[in-house]
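Residue numbers for the sequence shown follow my numbering, beginning at 18 and rising by one. Note that beta-carbon positions come from the ideal geometry of N, C-alpha and C, so glycine has one too.
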Amino acid sequence: MTIRMHIALPLSLATLVLVAAGCGGGDSSSGVITADGSSTVGPFTTKAAEDFKASGGADVTVGISGTGGGFERFCAGETDISNASRAIKDEEAAICAENGVEYVEFQVATDALTNVVNIQNDWTTCLTVEQLNAIWKSGSKVSNWNQIDPSYPDVPLKLYGAGTDSGTFDYFTDAINGEEGASRSDFSATEDDNVTVQGVSGDKGALGYFGFSYFEENQDTLKALEVDGGEGCVAPGVDTAQDGSYTPLARPLFMYVKTSSLADTEGLADFVRYTLENEQTIAEQAQFVPLSQEQIDEQLQKLEDATG
Numbered sequence: 018m019t020i021r022m023h024i025a026l027p028l029s030l031a032t033l034v035l036v037a038a039g040c041g042g043g044d045s046s047s048g049v050i051t052a053d054g055s056s057t058v059g060p061f062t063t064k065a066a067e068d069f070k071a072s073g074g075a076d077v078t079v080g081i082s083g084t085g086g087g088f089e090r091f092c093a094g095e096t097d098i099s100n101a102s103r104a105i106k107d108e109e110a111a112i113c114a115e116n117g118v119e120y121v122e123f124q125v126a127t128d129a130l131t132n133v134v135n136i137q138n139d140w141t142t143c144l145t146v147e148q149l150n151a152i153w154k155s156g157s158k159v160s161n162w163n164q165i166d167p168s169y170p171d172v173p174l175k176l177y178g179a180g181t182d183s184g185t186f187d188y189f190t191d192a193i194n195g196e197e198g199a200s201r202s203d204f205s206a207t208e209d210d211n212v213t214v215q216g217v218s219g220d221k222g223a224l225g226y227f228g229f230s231y232f233e234e235n236q237d238t239l240k241a242l243e244v245d246g247g248e249g250c251v252a253p254g255v256d257t258a259q260d261g262s263y264t265p266l267a268r269p270l271f272m273y274v275k276t277s278s279l280a281d282t283e284g285l286a287d288f289v290r291y292t293l294e295n296e297q298t299i300a301e302q303a304q305f306v307p308l309s310q311e312q313i314d315e316q317l318q319k320l321e322d323a324t325g
């Protein structure tokens with residue numbers, strides 16, 4: 018029986034999502050390909066795994082422990098694939114090297130990191146990067162919407178965001194606050210973006226951020242804000258992420274694949290190839306920004322080089 022990850026429902030971060038029947042670890046004897054990491058990339062990999070299984074491919078399990086948590090498992094040799102919403106850090110790469118884990122980095126999609134408010138919020142449609150910085154910077158005491166803009170109503174501001182193990186947290190803090198990891202700490206932080214969905218949809222004064230696909234899946238209860246990065250307000254979306262106008266919150270999304278697993282884990286190379294060759298369809302169906310054909314060809318060449 019196939020168990021699908023539905024974005025709108027709460028997910029346990031301690032539990033692997035079984036995309037296809039079967040269970041096992043990250044070795045070729047288990048008969049299962051294992052992936053873990055980013056909750057942003059998770060829905061993309063889940064969709065790819067379901068389609069791959071339906072086409073006669075191997076079983077794949079997808080966990081969502083966060084980008085940082087995924088790299089911890091990956092560099093310890095526990096998984097075949099590490100989903101990531103940012104590039105691997107030098108210190109993570111060093112741990113992989115110490116443990117003899119070699120890998121190939123594949124870009125699998127593009128994301129428009131999205132600021133969301135409650136659907137009842139009728140006082141704002143756009144925030145500037147400066148306003149977002151004032152809200153989220155370290156030591157910020159902004160606690161009411163009228164502190165962001167005097168024209169906004171007297172409504173308490175409740176903040177939701179990514180946990181510190183999340184690549185989304187790293188990317189957002191770097192883009193908005195100018196330093197990776199620099200953020201106020203008095204907000205509801207989680208590695209599970211569904212917690213943010215529930216929190217923001219249940220509080221008129223809430224503000225949160227996560228990957229674009231989570232907004233797309235929950236747009237009946239959430240409103241996405243445009244962002245003014247200096248050239249006027251721009252809405253998150255496929256076109257604006259692809260053309261670069263949604264700045265500074267458009268970002269690449271990755272799958273890191275263990276080189277030895279490409280040779281030893283049955284079906285892994287086929288799964289990666291299937292994912293790349295069908296990337297545009299998978300991205301569109303999973304509500305991600307697809308790669309260009311040129312980008313796909315570059316990733317396929319990486320796979321061919323790695324498999325020789």
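Going by C-alpha positions, Phe-229 is about 7 angstroms away from Pro-253. Here Ala-179 is not near Ala-199, since their CB atoms are 8 angstroms or more apart.
The residue from Gly-219, Thr-84, Gln-236 and Ile-98 with its alpha-carbon nearest to that of Ser-278 is Ile-98. Take Leu-144, set aside five residues on each side of it, and the residues of its chain with a beta-carbon closer than 6 angstroms to its own are Leu-242, in chain order. Per DSSP, reduced to three states, the secondary structure at Gly-86 is helical. Secondary structure in the segment 91-156: the alpha helix (DSSP H) runs of 4 residues or longer, each lying completely within the stretch, are 107-115 and 146-153 in chain order.
Where Phe-227 is concerned, the enclosing beta strand (DSSP E) starts and stops at 223-227. As DSSP reads the structure, Val-274 sits in a beta bridge with Ile-98 and Val-121. Distance between Ser-55 and Thr-238, taken at the CA atoms: about 23 angstroms. Per DSSP, the continuous beta strand (DSSP E) segment holding Val-79 begins and ends at 76-79. When C-alpha distances from Gly-249 are compared across Val-306, Val-255, Ala-258 and Ser-262, the shortest belongs to Ser-262. Cβ contact annotation for Glu-294 (same chain, cutoff 8 angstroms, sequence separation greater than five): Ile-313 and Leu-317, in chain order. If you ignore the 5 residues before and after Gly-216, its C-beta comes within less than 8 angstroms of the C-beta of Lys-175, Tyr-177, Ser-205, Ala-223 and Gly-225, all in its own chain and listed in chain order. In this structure Pro-173 is exposed. Its beta-carbon is surrounded by fewer than 16 other beta-carbon atoms within 10 angstroms. Here Pro-269 carries a strand assignment [DSSP, helix/strand/coil]. By the Cβ neighbour-count rule, Thr-276 is exposed, with fewer than 16 other Cβ atoms within 10 Å of its own. Annotation for Ser-218: the continuous alpha helix (DSSP H) segment containing it runs 210-218. For Thr-181, there is no enclosing beta strand (DSSP E), as DSSP marks it with neither H nor E. In this structure, the beta-carbon distance from Val-134 to Lys-240 falls below 8 angstroms. In the displayed model, Val-306 falls within a strand according to three-state DSSP. Gly-195 counts as exposed, since fewer than 16 other beta carbons sit within 10 angstroms of its beta carbon.
When beta bridges are read from the DSSP output, Asn-194 appears opposite no residue. The Cβ atoms of Val-79 and Ala-93 lie no closer than 8 angstroms to each other. Residue Ile-193 holds the alpha-carbon nearest to the alpha-carbon of Ala-151 among Thr-292, Ala-280, Val-244 and Ile-193. Taking C-alpha positions only, Ile-50 is separated from Asp-256 by approximately 33 angstroms.
Under the three-state reduction of DSSP output, Pro-60 falls in the helix class. Take Gly-184, set aside five residues on each side of it, and the residues of its chain with a beta-carbon closer than 6 angstroms to its own are Ser-55, Thr-84, Ala-101, Ser-102 and Arg-103, in chain order. Straight through space, the alpha carbons of Trp-153 and Pro-265 are spaced by roughly 15 angstroms.
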